[in-house]
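Visitor: If you read the sequence shown in this note's numbering, its first letter stands for residue 10, the second for the next number, and so on. Just so it is clear, CB atoms sit at the ideal spot from N, CA and C, and this is done for glycine as well.
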Amino acid sequence: MTVPIADGDRVGIVEATNQFGQQVRLGAGEWALLFFYPYAFTGICTGELGQLETDREAYATAGCRIAGVSCDSMFSQRVFAETEGLSFDLLADHWPHGALAQRFGVFDAERGCAVRGSFLLDPDGVLRWSVVNPIGEGRDLAAHLAAVQELTA
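1. At which residue ranges does the region 49 to 130 contain complete alpha helix (DSSP H) runs of 4 or more residues, listed in the order of the chain?
2. Quick check on Ala41: does DSSP put it in helix, strand or coil?
3. Sort Phe45, Glu66 and Phe89 by Cα distance to Leu129 and report the nearest one.
4. Throw me the rounded Cβ distance for the Leu154 and Tyr68 pair, which I believe falls under 8 Å.
5. If the criterion is Cβ atoms closer than 8 Å, does the pair Asp102 and Ala123 meet it?
6. What does a CB cutoff of less than 8 Å around Gly30 pick up in its chain, not counting 5 residues either side in sequence?
7. Apart from the five residues just before and just after Asp18, which ones in its own chain have a Cβ nearer than 8 Å to its Cβ?
8. Using DSSP's beta-bridge definition, name the partner residues of Arg19.
9. Can you give me the Cβ contacts of Ser85 inside the same chain, cut-off strictly under 7 Å, excluding the 5 residues immediately before and after it?
10. Buried or exposed: Ile75, going by 16 or more other Cβ atoms within 10 Å of its Cβ?
11. Mind checking whether Val20 and Gly38 have CB atoms under 8 Å apart?
12. Reducing DSSP to helix, strand and coil, say where Glu146 ends up.
13. State the start and end residues of the unbroken beta strand (DSSP E) segment that holds Gln32.
14. Quick check on Ala162: does DSSP put it in helix, strand or coil?
15. Taking the alpha-carbon of Gly142 as reference, which of Asp149, Arg125 and Ala156 has the nearest alpha-carbon?
16. When we look at the beta-carbon of Ser139 and count the other beta-carbons within 10 Å, is it buried (16 or more) or exposed?
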């Protein structure tokens, strides 16, 4: 795994394909929370993304777009979103395999997936807040929302 990017780094525009095959651009004119997770349909991931869906309106009120990211294909992401009732973008970091996770320094090459990394980009594509947890350790999503609300105010 490479070293994660640091708060204050200019990330620029992030582009990837969502669960519907649409190209998504983040970090261009809006706040965006990129939420990397190892795999669709796993226990911790399902709980975390479900909580993001529950808090989706609060993120929207803060002017922040949510995007989940994993190395799953867009087809897996679509079924995962439909099954779990997720209405935000799930980005397929499938090919080139793990390219976004590598760019953010959260790709675990031994496992072939992302670790749990969260990255808040400002409208200019600058990283303003981040947290990285090991694969088996869930994130404090109340702290995520509080950070977003504070930084976007």
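Guide: Well, looking at it:
1. Runs of the alpha helix (DSSP H) inside the region 49 to 130: 52 to 63, 65 to 70, 83 to 93 and 108 to 112.
2. The residue you call residue 41 lines up with position 32 of the sequence shown. The answer is strand: DSSP assigns Ala41 an E or B state.
3. Along the sequence shown, read from residue 1 onward, the residue named residue 129 stands at position 120. Taking the Cα of Leu129 as reference, the smallest distance to any Cα among Phe45, Glu66 and Phe89 is reached at Phe45.
4. The sequence position of residue 154 within the sequence shown is 145, counting from 1. The sequence position of residue 68 within the sequence shown is 59, counting from 1. Taking C-beta atoms under 8 Å as the contact rule, Leu154 and Tyr68 qualify, at a distance of about 7 Å.
5. The residue given as residue 102 occupies position 93 in the sequence shown. The residue given as residue 123 occupies position 114 in the sequence shown. Contact flag set, yes.
6. Looking up residue 30 in the sequence shown gives position 21. If we look at Gly30 and ignore the five residues flanking it on each side, its Cβ neighbours are Met83.
7. Numbered from its first residue, the sequence shown carries residue 18 at position 9. Excluding positions up to five away in sequence, the list reads Val135 and Leu136.
8. Walking along the sequence shown from the start, residue 19 turns up at place 10. In DSSP, Arg19 forms a bridge with Val135.
9. Within the sequence shown, residue 85 is the residue found at index 76, counting from 1. Contacts found: Ala49.
10. Counting from one through the sequence shown, the residue named residue 75 turns up at place 66. Ile75 is buried by the Cβ-count criterion.
11. Working through the sequence shown from its first residue, we reach residue 20 at position 11. Working through the sequence shown from its first residue, we reach residue 38 at position 29. Cβ distance not < 8 Å, so Val20 and Gly38 don't count as in contact.
12. Numbered from 1 along the sequence shown, position 137 holds the residue referred to as residue 146. The answer is coil: DSSP assigns Glu146 none of H, G, I, E or B.
13. As a first step, residue 32 is located in the sequence shown; it is residue number 23 there, counting from the start. Note, Gln32: beta strand (DSSP E), Gln32 to Leu35.
14. Start at 1 with the first residue of the sequence shown, and residue 162 comes out as number 153. Three-state DSSP puts Ala162 in coil, outside helix and strand.
15. Here residue 142 corresponds to residue number 133 of the sequence shown, with the count starting at 1. At residue 142 the sequence reads Asn, which differs from the Gly that was named. Taking Asn142 as reference, the option from Asp149, Arg125 and Ala156 with the minimal CA-CA separation is Arg125.
16. In the sequence shown, the residue the question calls residue 139 occupies position 130. Ser139 is buried by the Cβ-count criterion.
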